[in-house]
Amino acid sequence: MMTNQLKIVRPVNPTETQQNLPYFVGISRDTVGAKHISMNIVVIPAGAEAEPHYHVDYETAIYLLKGRVETRYGTDLSQTCLHLAGEFLYIPPGVPHQPRNLSDEEDAIAIVARNDANERENVRLYRVVDDNA
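Mind the numbering: the sequence shown is residues 237 to 369 in the working numbering, read in order.
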């Protein structure tokens, strides 16, 4: 479906993701016929967190436009990183993670780029196994 035409996408209405976050789809297979890339906007509402998840077989780069986000990651989600507005975050394929907006008053907003044009089908929810249960 790729052509030699330039395309502009203005996402208006968010879609709800498996991760339980509003997602504004920009560049994807569905919107422009992209083959190997997607670029979208994700909003983490004030005080909210995503469902733990991982991405199958694709890399993710996130640029935080607004807010402060703590991301728990790793097999038991015990590692953390703090992501501030103006910073990029790289997530390798298959790494379980769970971002959380640290503000109870303002939404966190980020641009998300992935090397999979159909990335929503390759997201898997992740459950931490408690060995003590």
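The beta-carbon is built from N, C-alpha and C at its ideal position, and this holds for glycine as well.
Our two residues, Thr253 and Ile280, have alpha carbons roughly 11 Å apart in a direct line. Taking a cut-off of 8 Å on C-beta distances, the stretch 269-289 does not touch the stretch 323-331, as fewer than three cross pairs fall below it. Annotated three-state conformation of Val305 is strand, per DSSP. Between Lys302 and Asp343, the C-beta spacing is below 9 Å.
Excluding its 5 nearest sequence neighbours in each direction, Leu257 has C-beta neighbours in its own chain below 7 Å: Val278, Val279, Ile280, Ala286, listed in chain order. Ranking Val364, Ala282, Glu357, Ala346 by CA distance to the CA of Pro332 puts Val364 first.
Judged by DSSP secondary structure, Val261 falls within the beta strand (DSSP E) whose first and last residues are 258-263. Under the DSSP assignment, Leu320 falls in the beta strand (DSSP E) whose first and last residues are 315-320. By the C-beta density criterion, Arg350 is buried, having at least 16 other C-beta atoms within 10 angstroms. Rounded to the nearest whole angstrom, the CA to CA distance from Val245 to Asp366 is 43 Å.
Judged by their CB atoms, Ala284 and Asn337 are nearer to each other than the 9 Å cut-off.
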